[in-house]
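What follows is one structure encoded as structure tokens, with my remarks underneath.
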Amino acid sequence: MNHLRFLTPQDMRILITLALCQLFFVGLAQDQQVKLLQNIKSRNVQTLDGLWQVIVDPLENGYYNHRYQPKDNGYFQNRKMESPSDLIEYDFDSDLELMVPGDWNTQDEKLYYYEGTVWYKRSFDFKKQKDMSTFVYFEAVNYEAKVYLNGTLVGEHTGGFTPFQFDITDLLQAEDNFLVVKVDNKRKREAVPTVNTDWWNYGGITRSVHLVNVPKTHIEDYSVRLSSDRKHIEGWVSLSVKRSGEKITISVPELKLNEVTVTDEQGRAQFKVSAKPKLWAPSDPKLYDVILSAGDETIKDEIGFRTIETRGTEILLNGEGVFLKGISIHEEAPFKTGRVTSAEECRILLNWAKDLGCNFVRLAHYPHSEDMVREAEKMGLMVWSEIPVYWTILYENPETYQNAEKQLTTMIQRDKNRAGVVLWSIANETPLSDARNSFLGRLATKARSLDDSRLLTAALDTHSGSFGERVIDEPMGEVVDVIGINNYCGWYYQDPEKCVDVTWRNTYDKPMIMSEFGGGALQGYHGNSNERWTEEYQEAVYKYNIEMLKKIDFLAGTSPWILMDFRSPRRHLKKIQKDFNRKGLISEQGQRKKAFYTLQEYYK
Ligand code: GCB
373 MNHLRFLTPQ
383 DMRILITLAL
393 CQLFFVGLAQ
403 DQQVKLLQNI
413 KSRNVQTLDG
423 LWQVIVDPLE
433 NGYYNHRYQP
443 KDNGYFQNRK
453 MESPSDLIEY
463 DFDSDLELMV
473 PGDWNTQDEK
483 LYYYEGTVWY
493 KRSFDFKKQK
503 DMSTFVYFEA
513 VNYEAKVYLN
523 GTLVGEHTGG
533 FTPFQFDITD
543 LLQAEDNFLV
553 VKVDNKRKRE
563 AVPTVNTDWW
573 NYGGITRSVH
583 LVNVPKTHIE
593 DYSVRLSSDR
603 KHIEGWVSLS
613 VKRSGEKITI
623 SVPELKLNEV
633 TVTDEQGRAQ
643 FKVSAKPKLW
653 APSDPKLYDV
663 ILSAGDETIK
673 DEIGFRTIET
683 RGTEILLNGE
693 GVFLKGISIH
703 EEAPFKTGRV
713 TSAEECRILL
723 NWAKDLGCNF
733 VRLAHYPHSE
743 DMVREAEKMG
753 LMVWSEIPVY
763 WTILYENPET
773 YQNAEKQLTT
783 MIQRDKNRAG
793 VVLWSIANET
803 PLSDARNSFL
813 GRLATKARSL
823 DDSRLLTAAL
833 DTHSGSFGER
843 VIDEPMGEVV
853 DVIGINNYCG
863 WYYQDPEKCV
873 DVTWRNTYDK
883 PMIMSEFGGG
893 ALQGYHGNSN
903 ERWTEEYQEA
913 VYKYNIEMLK
923 KIDFLAGTSP
933 WILMDFRSPR
943 RHLKKIQKDF
953 NRKGLISEQG
963 QRKKAFYTLQ
973 EYYK
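Sequence positions in the sequence shown follow my numbering and run 373 to 976.
This is how it looks when you write it as structure tokens:
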């Protein structure tokens, strides 16, 4: 019987709407499955770093026509005049050049405050190899990127601090390829982060770009870690093709571990082998060479093995209580200012953290580069890694949620093999509301579904209690494993010396990290300890806060705000700030302030 004969036009409309909705949600779901090659630096890569030609395009004239419709012959076509009468009103060859990786704001004075579109173009030759696939891999572009190769759109990406890749195998030619990227860092209310942040909105291709060549059947992703009972090394390897019976080898030569397994029909192989590795810890950040092979491909990673968990109000690393002596860090370069662009700059910042006596860094407020995370791990610094769900983003907006979830997924995807990373942070100082609770609750569920071997946290405000007694009863305390608290006693409220008397009550049986405290000082500016902006004032803020912290028995760590002064468009006090948030313990030129030594003393 034909059921459709009994359907009214109204029913048909409902059915069509339902079908469209389903298509829409399937589309969304697929979009959320971030495909990302793990550990690209161990692959066959060709760098695209260096000078790129650029065109600054505030009106997006290279993209929209005068009717504000996307045009077919945009700047991504990189056209040239072919005869003297041709009208082409742009030319990458005679315009500006900018360094990649790098932000544009600190490379050209005219771009210091610029927020909008810049077109980047880079030409290259390419030696095609049989049976190989080539991806263009961007470590980060802030904030939106549209990527074109030889005039064809290969993909788009949103989010300023997470990597993305596109398969460009079929578009590559032997000579004169041109890669054009439309980069747009306009702030948007619905974006993550939103329009309002306390850091500079550095635009550009801020991290490295690579061409990655891999065999058609290659290892796409893997996870190698210590089991929670600390008796096994376990994990999985997944191939680029969904094919069963492919042989996979996982070896850790130093442990004489050599495991051979085969893929299932999803192209994925699981493994679990008895092992007793030396455990990764700040005192001995042991990393093992791990070699994975499948077909024609062999890749090497350096992986540490550890467990991280909580027991009541304690954090346990490898089963033992640990206090997280930390510092917060923005990804801003020492000395030159602007975005960090090299592993060397990461090492300078992290060495300063080591000098402070840290075993922990809070990488605020967005995923830092893979270099930063790997360098921290090598130095024995535990890492708090965060997504820019910051202040008042649009918690009611489904697209904002999808965006945040994708950034979270990519962060976990990229760094899941880093033993150094112990905490995923899903938010910073978010306002109380049902919409926010549901937003963060969903993010937490997602994070746990992707990775159950780390702790979840968020930097929260205290919303109840008085100046004298602060009470931790934020609903998010229920959701996270470790409660981060940002609290500026002695700076945004109260005189510094009164902070000693502040007491803390935790309504949750969970560890608390004081994820921010501090105050501002201009390096070299001296005076009384009650004079704002002097090093002595900042020193007093640290001194009395530390006295307060010492009395909190559920305190499991601290990451004061912040290692180094950093640029912020909210800091207008010309004589002192000059566009810098001055809460650094070190100036942007690397000079230590008095409070550096106060914290160092505490960490001893
Ligand atoms: C905060 C924010 C941080 C700011 C800091 C400040 O609570 O989390 O992003 O930079 O305060 O200096 O006000």
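No residue lacks a Cβ here, since even glycine has one placed at the ideal position from N, Cα and C. In this text, all values refer to a predicted model and were calculated from it rather than measured experimentally.
Residue interval of the beta strand (DSSP E) (run including residue i)
i: Lys-726; result: Counting along the chain, Lys-726 falls outside any beta strand (DSSP E), though it belongs to the alpha helix (DSSP H) covering 715-728.
i: Pro-770; result: Here Pro-770 belongs to no beta strand (DSSP E); instead the alpha helix (DSSP H) covers 770-787.
i: Asn-416; result: 416-419
i: Val-733; result: 732-735
i: Lys-619; result: 619-624
i: Val-851; result: Where Val-851 is concerned, there is no enclosing beta strand (DSSP E), although the alpha helix (DSSP H) it sits in stretches over 848-851.
i: His-604; result: 604-611
i: Ala-641; result: 640-646
i: Ile-540; result: That residue, Ile-540, is in no beta strand (DSSP E); it is neither H nor E in DSSP.
i: Leu-629; result: 629-634
i: Gly-422; result: 422-428
Cβ neighbours of residue i in the same chain (closer than 6 Å, five flanking residues each side left out)
i: Pro-760; result: Val-564, Pro-565, His-737, Tyr-738
i: Glu-703; result: Val-712, His-740
i: Ile-934; result: Ser-700, Lys-955, Gly-956
i: Tyr-767; result: Ala-807, Arg-808, Phe-811
i: Lys-518; result: Glu-528, Lys-554
Residue i, buried or exposed, once every other Cβ within 10 Å from all chains shown has been counted against 16
i: Arg-385; result: Unreliable placement is indicated for Arg-385, whose pLDDT of 44 sits below 50; the coordinate value is still reported in the next sentence. Counting Cβ neighbours within 10 Å, Arg-385 comes out exposed, since fewer than 16 surround it.
i: Gln-961; result: exposed
i: Gln-394; result: Any answer about Gln-394 is weak, because its pLDDT of 39 lies below 50 and its placement is not dependable; what the coordinates show is given next. When all chains shown are included, Gln-394 counts as exposed.
i: Gln-963; result: exposed
i: Ser-836; result: exposed
i: Pro-430; result: exposed
i: Ser-714; result: exposed
i: Leu-804; result: exposed
i: Val-632; result: exposed
i: Asn-573; result: buried
i: Tyr-484; result: exposed
i: Leu-470; result: buried
i: Gln-402; result: Confidence at Gln-402 is low in this model, with a pLDDT of 37, below 50, so the placement of that residue should be treated as unreliable; the coordinate-derived value is given next. Exposed, by the Cβ-count rule.
i: Pro-473; result: buried
i: Arg-842; result: buried
i: Lys-882; result: buried
i: Lys-923; result: exposed
i: Pro-442; result: exposed
Contact test: residue i Cβ vs the ligand GCB heavy atom, cutoff 6 Å
i: Lys-955; result: yes
i: Asn-858; result: yes
i: Glu-911; result: no
i: Glu-801; result: yes
i: Asp-845; result: no
i: Asp-727; result: no
i: Asp-833; result: no
i: Asp-824; result: no
i: Glu-669; result: no
i: Glu-888; result: yes
i: Asp-497; result: no
i: Asp-570; result: yes
Residues of its chain near residue i, where Cβ-Cβ distance is below 7 Å and the 5 sequence neighbours each way are ignored
i: Leu-971; result: Leu-728, Tyr-914, Pro-932, Leu-957
i: Asp-668; result: Pro-587
i: Met-886; result: Ile-857, Asn-859, Leu-921, Leu-927, Thr-930
i: Phe-536; result: Phe-510, His-529
i: Met-754; result: Pro-654, Leu-696, Asn-731, Phe-732, Gly-792, Val-794
i: Asn-522; result: Leu-543, Gln-545, Asn-549, Phe-550
Same chain only: Cβ atoms within 8 Å of residue i, ignoring 5 sequence neighbours per side
i: Ala-546; result: Asp-497, Phe-498, Lys-499, Lys-500
i: Tyr-975; result: Lys-697, Leu-728, Gly-729, Cys-730
i: Lys-818; result: Glu-777, Leu-780, Thr-781
i: Arg-640; result: Trp-608, Val-609, Ser-610, Leu-611
i: Glu-850; result: Tyr-880
i: Phe-952; result: Asp-937, Phe-938, Arg-939, Ser-940, Arg-943, Glu-960
Start and end residues, alpha helix (DSSP H) containing residue i
i: Met-751; result: 742-751
i: Ser-810; result: 806-822
i: Gln-972; result: 966-975
Cβ of residue i within 7 Å of any chain B Cβ
i: Gly-667; result: Of the protein chains in this structure there is only one, and it is not chain B.
Segments assigned alpha helix (DSSP H), at least 4 residues, entirely inside the region 550-601: Within the region 550-601, complete alpha helix (DSSP H) segments of at least 4 residues are not found at all.
Those runs of the beta strand (DSSP E) which lie wholly inside the region 918-959 and span at least 3 residues: Unbroken beta strand (DSSP E) runs of no fewer than 3 residues, entirely contained in the region 918-959, are found at 927-930, following chain order.
Complete beta strand (DSSP E) runs within the region 655-726 (minimum length 3 residues, chain order): Taking only runs of at least 3 residues, the beta strand (DSSP E) segments lying wholly in the region 655-726 are 660-666, 669-675, 680-683, 686-689, 696-701.
4-residue-minimum alpha helix (DSSP H) runs that sit fully inside the region 489-535, ordered along the chain: The region 489-535 contains no complete alpha helix (DSSP H) run of 4 or more residues.
Start-end ranges of the alpha helix (DSSP H) lying completely within the region 853-929, minimum 4 residues: Taking only runs of at least 4 residues, the alpha helix (DSSP H) segments lying wholly in the region 853-929 are 907-922.
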